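See structure below.
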Amino acid sequence: MRAVAALIWESAPDLFALLFGSRAQEILTDLVQRDGSRFGYPYIHVAICDRRVVGIVTLVPGEKVITNPDYQVCLNCWQCFRLEAAHRIFLDHVLRRDYPSDSAYIGNLAVASDYRRRGIGRQLLLQALTVAKSSVNAVFVSADLHNEKAQNLYKSMGFKEVETRELRACGVAIGSRIFAQSIARLPI
Numbered sequence: 001m002r003a004v005a006a007l008i009w010e011s012a013p014d015l016f017a018l019l020f021g022s023r024a025q026e027i028l029t030d031l032v033q034r035d036g037s038r039f040g041y042p043y044i045h046v047a048i049c050d051r052r053v054v055g056i057v058t059l060v061p062g063e064k065v066i067t068n069p070d071y072q073v074c075l076n077c078w079q080c081f082r083l084e085a086a087h088r089i090f091l092d093h094v095l096r097r098d099y100p101s102d103s104a105y106i107g108n109l110a111v112a113s114d115y116r117r118r119g120i121g122r123q124l125l126l127q128a129l130t131v132a133k134s135s136v137n138a139v140f141v142s143a144d145l146h147n148e149k150a151q152n153l154y155k156s157m158g159f160k161e162v163e164t165r166e167l168r169a170c171g172v173a174i175g176s177r178i179f180a181q182s183i184a185r186l187p188i
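Just so we're aligned: the sequence shown equals residues 1 to 188 in full-length UniProt numbering.
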C-alpha cells in the first residue's frame with residue numbers, strides 16, 4: 001500500500017503537501033487502505049513490473065469525487081480545518097469536484113520515474129477506460145495547466161478539453177485543464 005500511496009503522492013506532491021502537510025504520504029497510505037476513500041483500493045488499478053508497483057491510476061465514480069468521509073477518520077481537527085480552508089480559498093478555483101453521477105473521474109495517473117516512456121501510463125489509462133465502459137457514460141480527467149505531456153496523452157486517447165480553471169497571482173498562473181471522453185467514442 002505504501003508503494004501505491006507514494007505514486008499517488010508523486011502525481012501531485014505540491015497539492016498533497018498543501019492538503020495534508022508533512023504527513024501527506026502517511027495519510028495517503030491510510031486512505032488507500034480504506035474502501036470508501038476516493039484513493040481506496042476499489043478505485044485503484046496498478047501496473048506491476050519486476051514484482052514492483054510501477055504505475056497507478058485511480059478511477060472514481062463521479063459522485064464520489066466531492067466527498068471523502070474517510071478524511072474525518074484519518075485527519076485530526078486541525079487537518080480537517082486546513083483541508084476545508086484550502087478548498088474554499090484556493091482549490092475550488094483551480095480544480096473541479098462536481099461531476100455527473102453517470103460519469104467517472106480519473107483522479108490520479110502516475111508512473112515511477114524509472115519506468116516512464118514505456119507506454120505504462122497509456123496502458124493504465126486504457127485499463128481504466130475499459131473498466132469505465134461497463135458502468136458510466138463519460139470519463140473526466142484533469143491535468144495541471146503546465147503538464148503538456150499529460151494533456152497530450154489525454155488528447156491522443158480521444159479526450160476533449162471541456163474546461164480550464166485558472167488562478168493568477170503575482171504573474172504566475174496555476175490551475176487545471178479538464179478533459180472529457182464519451183464512453184460511446186472510446187477507442188477500445
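Beta carbons: idealized from backbone N, C-alpha and C, even for Gly. Only a predicted model underlies this, so the values are computations on that prediction, with no experimental measurement involved.
Between the CA atoms of residue j and residue i - distance to the nearest angstrom
| i | j | result |
| --- | --- | --- |
| ARG117 | PHE179 | 22 Å |
| ALA143 | ARG96 | 11 Å |
| SER134 | ALA169 | 42 Å |
| ILE174 | GLU163 | 14 Å |
| GLY119 | VAL54 | 12 Å |
| LYS64 | ARG38 | 7 Å |
| ARG23 | ARG185 | 41 Å |
| GLU148 | ARG177 | 10 Å |
| ALA132 | ALA85 | 32 Å |
| ILE27 | LEU19 | 10 Å |
| GLU161 | LEU145 | 12 Å |
| LEU125 | GLY171 | 34 Å |
| LEU59 | ALA128 | 6 Å |
| ILE66 | CYS49 | 33 Å |
Sheet register partners of residue i (DSSP bridge)
| i | result |
| --- | --- |
| GLU166 | GLY175 |
| ILE27 | In DSSP, ILE27 forms no bridge with anything. |
| GLN181 | VAL139 |
| ASP50 | ASP50 pairs with nothing; no bridge assigned. |
| ASP144 | SER176 |
| VAL60 | TYR105 |
| residue 192 | Absent from the model: residue 192. The displayed extent of the chain is 1 to 188, so no value can be given. |
| LYS133 | DSSP, once it has assigned bridges, lists no residue as partnering LYS133. |
| GLU161 | PHE179 |
Residues near residue i in its chain [Cβ-Cβ closer than 6 Å; skip 5 each side]
| i | result |
| --- | --- |
| ARG82 | none |
| LEU7 | ILE56 and ALA110 |
| PRO13 | none |
| ASP30 | CYS74 |
Beta-carbon contacts of residue i that lie in its chain and below 8 Å, excluding the five residues immediately before and after
| i | result |
| --- | --- |
| ARG88 | none |
| VAL94 | ARG165, GLU166, LEU167, ILE174, GLY175 and SER176 |
Nonlocal neighbours in the same chain, by C-beta distance under 7 Å from residue i, ignoring five residues either side
| i | result |
| --- | --- |
| PHE159 | VAL141, PHE179, ALA180 and GLN181 |
| VAL4 | VAL32, ILE44, VAL46, VAL53 and ILE56 |
| ARG2 | THR29 |
| SER103 | GLY62, VAL136, ASN137, ALA138, VAL139 and PHE140 |
| ASP98 | ILE66 |
Quiz item: Which runs of the alpha helix (DSSP H) spanning at least 4 residues fall entirely within the segment 69-125, listed in chain order?
Solution: Counting only runs of 4+ residues, the alpha helix (DSSP H) found wholly inside the segment 69-125 occupies 70-74 and 77-86, in chain order.
Quiz item: Touching or not, the segment 74-85 and the segment 149-164, by the rule of three or more beta carbon pairs under 8 Å?
Solution: no
Practice problem: Spell out a yes or no on whether the segment 101-109 and the segment 41-59 are touching, meaning 3 or more CB-CB pairs, one atom from each, closer than 8 Å. | Solution: yes
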